Structures are given as C-alpha cells and as structure tokens.
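**Student:** Numbering (full-length UniProt numbering), first residue to last: 1 to 687. Next up is a structure, given as structure tokens.
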C-alpha cells in the first residue's frame with residue numbers, strides 16, 4: 001500500500017499567470033486571473049510524488065460567505081485529462097521530481113471576486129485536504145466566451161490596461177481636456193474594489209445571491225453605479241454643488257481616483273467629500289477597468305436634467321430674461337458618465353456593445369440612486385422601454401428647451417432661442433492617442449434625418465416633431481480672441497435682420513459667472529440699449545466688455561461665464577434670446593523631465609507656472625500623481641507669494657516602477673487661481 005501523499009507547498013506562479021492574464025501589476029502579492037482562460041500552478045510534494053494510478057486529486061473553489069453549487073459560487077472538480085469546455089477543470093502540464101505542474105480552467109461566466117482554492121488528495125482509503133491559497137477572478141475582455149469580450153487589441157489596451165486619460169470639460173464651443181490618473185492597478189486598488197462590492201446593500205441583504213449575480217457585468221455595472229455615490233449606502237463619494245467645500249476637498253482639486261478610493265477605505269468606508277459628475281464617472285471608470293470591464297468616461301455638452309420625463313425643459317424668465325423660480329430642471333454646461341462594453345442577454349439582439357452608466361446621484365432608479373446600464377444604441381433608436389433608465393439618458397441628449405418671458409401684464413410669451421442645442425459634442429478620449437473622439441453619432445441620428453424623426457416618434461418626443469417657426473431676425477453671441485484667466489475681453493451680440501423692413505429693438509446684454517451645472521453667480525458685465533435700429537438686410541455687432549476685476553471674485557472653479565442677450569421688439573411683441581458659455585483658459589503648467597527615464601531609477605520632474613495676474617498669488621500648492629511614476633500623491637506647498645508675471649517652480653522626485661508610457665498629472669492651487677491642470681507623457685525605458 002502506498003504511503004499517503006503529503007503536500008509541501010503550492011506555487012501559484014504569480015509571474016507567469018500575471019503575464020498571461022494581463023494582470024502583472026496586480027499579481028505582486030496575490031494571484032489575480034481572468035475568467036475563461038486557464039492559469040498555472042505547481043504542487044510540491046513531500047516524500048514521494050503524485051502517481052496517476054494510485055492518487056486521486058480533487059480541487060474545490062468557493063467564493064463569498066455562503067457558497068453553493070446551484071448559485072455557481074462553489075465547484076468541485078477532479079484532476080482529469082478530459083477538460084470540459086466552459087467548466088472548472090484541472091489537468092497535468094508536466095511532472096518532475098516532487099513537482100506537479102497543473103493548469104486550471106475557469107468558466108467564462110463564473111462570478112468575479114475573491115476565491116478560496118483547496119485540494120483533497122486520497123490514496124486508497126486515506127485522504128487529506130490542503131488549503132492552496134486565494135485568488136481573485138476578474139472579467140476577461142480577451143476571452144470570446146466572456147460577456148465583456150472586446151475583439152480589438154488597441155481598444156483593450158485603452159479601455160482596460162491604460163491607467164490615465166482625459167475627461168472633457170469647458171463648454172461646447174471651448175472643449176477643455178482635464179488629465180486624470182485612473183490608477184486601476186495601483187497598490188491596494190483591487191482590494192478596495194472588492195470591498196466596494198461587499199459593501200453594496202444587495203450583498204448585505206443576501207450575500208449568496210449577490211455573489212452569484214457577480215457573473216454578470218450588467219449586474220456589477222449597476223452595483224458600481226450605485227456604490228460610487230453615497231446616497232443610499234456607504235458609497236465612496238458625497239456630491240456637492242454649492243461652492244462651499246471647506247470641510248472637504250473641492251471636486252475640482254482631484255486629479256485621480258486612487259487618492260479618493262484609498263481615503264474611502266482608510267476611513268472605514270466613510271464618504272469622501274466632495275464629488276461632481278466627472279469625479280463620480282472617473283472613479284466608476286477606475287473600479288470597472290480594475291474588475292475587467294472595458295470602460296470609458298464620456299462628456300455630454302448642454303446636458304438636460306429632466307425630472308418628469310416629458311423631454312421638455314422650461315425656463316421661466318422675467319422681462320429682463322433672468323430665470324425665475326424652480327431650478328430643479330436644468331441644462332448642465334456639461335455632464336459626464338461612463339460607458340462600459342458588454343453583451344445584453346437580458347435584452348433583444350442588437351443591444352450589445354457600449355452601455356451608458358451614470359454614477360452621479362440625480363434620480364432614483366428602482367429605489368436607488370444609480371443609472372444604467374442602458375445600451376447607447378437604444379438611446380439612438382428612441383427605444384425608451386429598454387432597461388435600465390433609458391428615458392432619463394434619452395432626455396440628457398435630446399430634451400427640448402422652451403423659454404417663456406413674462407410681459408408687463410404678467411402674461412408669458414414664448415421666446416425663440418436658437419443658441420442652445422441639448423446633447424452636443426459628446427466626447428471621449430481617442431483609442432491610443434491624446435486626442436478627443438466625438439461619439440455624438442452613436443447617441444443621435446443626423447439632425448433632420450428621417451431616422452431621427454423615427455426615433456423621436458418612437459420616443460413620443462412630440463416637441464421635436466413640430467415644425468420650427470422661421471423668423472427674419474437672428475442673434476448669436478460671438479467671441480473675439482481666446483479669453484485667458486486674468487484678462488479683460490470683449491464678447492459681441494451679433495444681430496442679423498433678414499427682412500426688408502427696419503426694426504427698432506431693445507437689447508439687454510448680461511454676463512454672469514456660472515457653475516458647470518448651470519447655477520448662475522453674480523453679474524460681471526451688463527449693457528442695456530433701449531433703442532437699437534436695425535436696417536433692412538443688415539447685420540450689427542454690439543460689444544460687451546468683461547473685466548477681470550468684475551469676475552475675479554465670483555468665478556467658480558469651472559472658469560465659466562454665461563453671456564445672455566435678449567432682443568425685444570416691442571412693436572411685434574417678439575423676443576429673441578441667445579446665450580453662450582465662455583471658458584477662461586488657465587495658464588499652462590510646464591513640466592520638464594530631468595534625467596533619462598528608466599525603470600526603478602529616480603527621476604526629477606520640474607513643474608512650473610507663470611502667474612498671469614498683475615497681483616501676487618499666495619497659498620500656492622502643486623499636487624502631483626501618476627500611476628507607475630509615484631507611489632502616492634505628492635503635495636508641494638510654496639511658502640512665499642508669487643508676484644504678477646513671475647514663475648512659480650517646484651521639483652518633484654519620481655520613482656518609475658514600470659516600463660512603458662505613463663502620464664504625470666498636476667493640479668495647481670492658490671488663492672486667486674484655482675484648479676489649474678497640467679500633464680506630461682513620460683516614457684520609461686528598461687533599467
């Protein structure tokens with residue numbers, strides 16, 4: 001009779017598996033593999049080696065606190081030659097003195113999460129069991145059987161493996177790219193993402209069912225969308241939009257998700273203050289990329305927040321064109337959400353691909369503040385019964401805006417506003433390049449096309465189907481040169497009279513600072529021309545001067561000013577409205593790299609910025625981070641004020657850990673100049 005088989009140790013082959021599964025950065029301490037793709041391990045025995053005709057080896061895997069075979073969270077499988085497709089399997093790869101090399105196969109639809117792996121070895125009537133270790137199982141965009149399979153290598157590189165990117169802000173006429181450090185493979189981030197799944201209310205209510213449903217990216221995406229905000233749970237971020245961020249960190253200061261997720265975990269899962277839409281979207285992007293779901297952040301300009309799903313945003317204004325009353329239904333200058341790539345077995349065919357998910361808390365969905373996933377294709381088709389939350393997303397990109405102006409007798413008069421189109425310039429970072437990709441066409445058919453009309457009919461979007469009334473008068477707001485922070489500049493009301501009569505009008509021009517979500521601040525420039533005569537078939541350009549001294553104290557960190565023109569023609573009782581959002585460009589942050597960038601060799605970055613103002617800046621602080629370049633965020637404070645026109649400069653020491661292309665991301669803060677962003681691509685060579 002053979003003596004029983006005794007396991008000495010199990011080698012989880014972190015290096016080989018990390019390379020094969022594109023998880024090298026995650027496999028430093030523990031095994032992280034992707035589902036539907038075999039991984040290697042080596043068993044080292046004491047005394048004698050495994051003998052196929054004598055020993056029986058059976059493996060067992062479990063995930064979650066209540067594992068069960070029916071739920072797919074527990075499996076037992078023997079060592080065997082006949083590997084069955086789509087199941088948990090184990091087969092021998094090689095055997096040499098005392099070591100048995102194995103390959104374990106996982107189903108492409110197994111629940112993702114943390115697994116426990118054990119072994120039962122039996123020889124004749126004797127048997128013993130050994131705990132082999134833990135591993136994390138992720139979604140696998142490289143596996144054709146996985147619901148998140150993406151067949152382009154460039155796209156997998158961008159949407160799963162790249163740890164930095166851009167988020168688009170500014171305004172539709174001046175799109176500004178903000179660099180962001182997603183850092184999904186930085187130390188501790190995967191553990192935080194798994195904690196986030198275990199903190200979700202569905203897990204706390206029924207852990208067994210929740211773990212079982214983690215096989216579906218639709219389910220996981222919806223959970224993440226709800227857990228990034230803290231409105232119903234111990235989620236990550238608290239949203240705030242009122243410009244009072246003193247007891248936390250202003251949403252504009254963040255430059256990456258890593259710092260936010262680490263703060264959440266280290267505070268015992270207390271909400272991090274504060275987020276706004278791009279922060280919620282960026283953190284969701286980090287979590288989903290980390291778990292293996294291809295994800296990108298998108299920005300929609302002139303985004304509607306429609307609460308009652310009538311696809312109509314109505315602005316009620318006084319006789320000067322100023323908005324009165326309820327401000328809950330707004331047009332946001334821009335709004336960010338994420339798109340994740342997956343199949344939709346729960347929906348009709350044709351709805352696989354990019355799905356919109358919006359983690360910013362706006363409206364409840366099935367009782368929780370989350371939104372999506374909804375197929376982008378369903379939005380384009382106007383198919384609003386599609387799960388989840390199609391009407392809300394459809395309105396964000398398609399709602400109609402009606403402006404009512406109160407007249408002296410109290411009656412409301414409809415005004416014509418051609419300057420505002422909801423759902424413009426929908427943007428995301430290009431694959432493999434630092435350029436912007438415009439994806440508006442994935443959400444909307446070309447304006448005026450028969451397909452657009454069909455989609456509006458399907459969505460019952462009655463307003464959009466009505467014919468637009470033609471007018472002989474037109475007005476738009478134009479800008480001259482580029483507008484820099486700290487400068488005085490002119491904007492122009494450009495008025496056209498396309499009729500054969502002369503018109504006498506009153507023109508009201510007003511500039512006010514504005515938050516990115518449409519909330520107006522104080523005035524910073526006005527003009528009121530009581531009688532402006534417009535010749536037949538002529539055009540006129542009326543300037544409005546905007547002074548730094550007027551806007552400097554009331555500008556929000558989004559650097560936006562809304563210019564509004566109201567043209568009133570008393571004789572015909574006509575009202576013409578035009579608006580434009582002006583983005584003030586911050587000074588450039590210059591970054592020089594000193595020395596040759598090599599792996600594991602110290603490197604210095606010199607970061608500088610010129611004060612564009614005539615007055616000194618005090619409280620200057622640079623914050624720097626970058627996945628693969630810094631272990632954690634570095635904060636450099638400048639004690640002395642920086643005079644107008646002078647440069648402020650710091651040096652930051654970096655220790656690059658990985659070969660390849662990285663981004664160093666910088667934020668600059670001071671009393672008068674806030675949330676200035678900069679970045680530099682750094683290519684690290686082998687040591």
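Even glycine gets a Cβ: it sits at the ideal position worked out from N, Cα and C. Just so it is clear, the structure is predicted and the values come from calculations on it, not from any experiment.
1) Just how far apart, CA to CA, sit residue 270 and residue 198?
2) Can you list, in chain order, the residues of its chain whose CB lies under 6 Å from that of residue 526, leaving out five sequence neighbours each side?
3) Excluding the 5 residues preceding and the 5 following residue 286 in the sequence, name in chain order all residues of the same chain whose CB lies nearer than 6 Å to its CB.
4) Please state whether DSSP places residue 629 in a helix, a strand or coil.
5) Secondary structure at residue 160, three-state DSSP: helix, strand or coil?
6) Answer yes or no: do residue 147 and residue 343 have a C-beta to C-beta separation smaller than 7 Å?
7) For residue 428, write down the residues that DSSP places opposite it in a beta bridge.
8) DSSP three-state call for residue 414: helix, strand or coil?
9) Just the Cα atoms here: how many angstroms apart are residue 279 and residue 268?
10) Can you tell which of 433, 423 and 453 has its C-alpha closest to the C-alpha of residue 441?
11) Got a sec, what are the start and stop residues for the beta strand (DSSP E) residue 591 sits in?
12) CA-CA distance, residue 555 and residue 352?
13) Is residue 80 buried or exposed, if buried means 16 or more other CB atoms sit within 10 Å of its CB?
14) Whole angstroms is fine: what's the gap from residue 175's alpha carbon to residue 168's?
15) Measuring CB to CB, does residue 652 end up less than 7 Å from residue 663?
16) With a 10 Å radius around its C-beta and 16 neighbouring C-beta atoms as the bar for buried, classify residue 339 as buried or exposed.
17) Can you tell me whether DSSP reads residue 149 as helix, strand or coil?
18) Which of the three DSSP states, helix, strand or coil, is assigned to residue 85?
19) Roughly how many angstroms separate the alpha carbons of residue 719 and residue 300, rounded to a whole number?
20) Just verifying my parser: in three-state terms, what is the DSSP assignment at residue 636?
21) Considering only their Cβ atoms, is the gap separating residue 354 from residue 690 smaller than 7 Å?
22) Hey, out of 522, 12 and 207, whose CA is closest to residue 117's CA?
23) Given this structure, state the Cα-to-Cα distance separating residue 263 from residue 255, to the nearest angstrom.
24) Spell out the partners DSSP gives residue 46 in its beta bridges.
25) In angstroms with no decimal places, state the Cα-to-Cα distance between residue 63 and residue 151.
26) Near residue 656, what residues of its chain come up, given a Cβ to Cβ distance below 8 Å and the 5 sequence neighbours on each side ignored?
27) For residue 347, which of 333, 373 and 357 has the nearest alpha-carbon?
28) Would you report the Cα separation of residue 459 and residue 383, rounded to the nearest angstrom?
29) So, with DSSP's three-state summary, where would you put residue 489?
30) Measuring CA to CA, which of 276, 399 and 380 is closest to residue 358?
31) Whole angstroms is fine: what's the gap from residue 670's alpha carbon to residue 643's?
32) If I measure Cβ to Cβ from residue 479 and keep anything under 7 Å in the same chain, skipping five residues before and after, which residues do I get?
33) Near residue 61, which residues of its chain fall below 6 Å by C-beta distance, leaving aside the five closest residues on each side in sequence?
34) Would you kindly work out how many angstroms separate the C-alpha atoms of residue 568 and residue 316, rounded to a whole number?
35) With burial defined as no fewer than 16 other Cβ atoms inside 10 Å of the residue's Cβ, what is the status of residue 456: buried or exposed?
36) Measure the Cβ-Cβ separation of residue 171 and residue 398 and say whether it is below 7 Å.
**Tutor:** Taking the definition as stated:
1) 14 Å
2) 510
3) 182, 184 and 257
4) coil
5) helix
6) yes
7) 437
8) strand
9) 20 Å
10) 423
11) 589-594
12) 43 Å
13) exposed
14) 6 Å
15) no
16) buried
17) coil
18) coil
19) With the chain covering 1 to 687 only, the question about residue 719 has no answer from this structure.
20) strand
21) Residue numbering for the chain in the displayed model covers 1 to 687; residue 690 lies beyond these limits and cannot be assessed.
22) 12
23) 14 Å
24) 6
25) 29 Å
26) 597, 598, 599, 600, 601, 603, 628, 629, 662, 682 and 684
27) 373
28) 6 Å
29) strand
30) 276
31) 12 Å
32) 491 and 582
33) 75, 115 and 117
34) 16 Å
35) buried
36) no
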